[in-house]
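Scroll down for the structure; my scribbles are underneath it.
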Amino acid sequence: MFDVTVAPAMALDAEPAREPRAYEALVREIGEDGATEVRDVFWSETCARLQLFRTLSPAQHHAKIAREAHSLKSAAGTFGYLRLAALALRLEKTAESLGEAEFHAMLDLMDAAYAAAHAQEPQG
């Protein structure tokens with residue numbers, strides 16, 4: 651739904667954690683119940699994916715990291731979680747060249763973006 655481009659590292663913090671119109675568009679397409687259900691799956695799968703990243707080494711698993719980051723980027727973009735999608739895109743594009751320290755720093759940023767997006771969710 652929303653395009654995500656690779657942003658410079660400093661610009662990633664400027665990305666909003668959540669674009670509310672993305673979820674509204676999804677509701678129009680599949681209805682409130684469907685959108686809520688799909689979003690709940692997104693939160694669960696994203697939490698599991700972020701935990702999976704912590705078990706992988708970029709030196710040994712860069713292809714898997716890139717695939718998982720690509721999936722995360724797409725899902726986060728669908729729901730309008732712009733900062734998380736931008737970070738996932740950056741991880742996808744740089745997985746092969748990241749060292750362990752850079753990789754873990756990126757994961758810390760992704761965890762923070764996930765938490766920020768989740769905190770901006772309407773409670774209802």
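Heads up: the sequence shown runs through residues 651 to 774, numbered per the numbering used here. C-beta atoms are modelled at their ideal positions from N, C-alpha and C, and glycine is treated no differently.
- At the C-beta level, Ala745 and Ala763 stay beyond 8 Å of one another.
- In the same chain as Leu676, and ignoring 5 residues on each side of it, the C-beta atoms closer than 6 Å to its own belong to Ala685, in chain order.
- Taking a C-beta distance under 8 Å as the contact criterion, Thr696 and Ala667 do not qualify as a contact pair.
- Inter-residue distance for Ala709 and Leu757 is about 15 Å (C-alpha atoms, whole angstroms).
- In the structure shown, Leu748 falls within a coil segment according to DSSP collapsed to helix, strand and coil.
- Per the C-alpha coordinates, the member of Arg678, Leu702, Phe692, Ala751 positioned closest to Phe729 is Phe692.
- When C-alpha distances from Leu734 are compared across Ala719, Leu748, Arg678, Ile680, the shortest belongs to Ala719.
- Across the set Ala713, Asp690, Arg689, the C-alpha of Ala713 shows the shortest separation from the C-alpha of Leu748.
- Taken in chain order, the complete alpha helix (DSSP H) segments of 4 residues or longer contained in the region 656-716 are 659-662, 670-680, 682-703.
- It is roughly 31 Å from the alpha-carbon of Ala751 to the alpha-carbon of Arg689.
- Around the beta carbon of Arg740, 16 or more other beta carbons lie within 10 angstroms, which makes this residue buried.
- Look at Glu718 here: in three-state DSSP terms it is helix.
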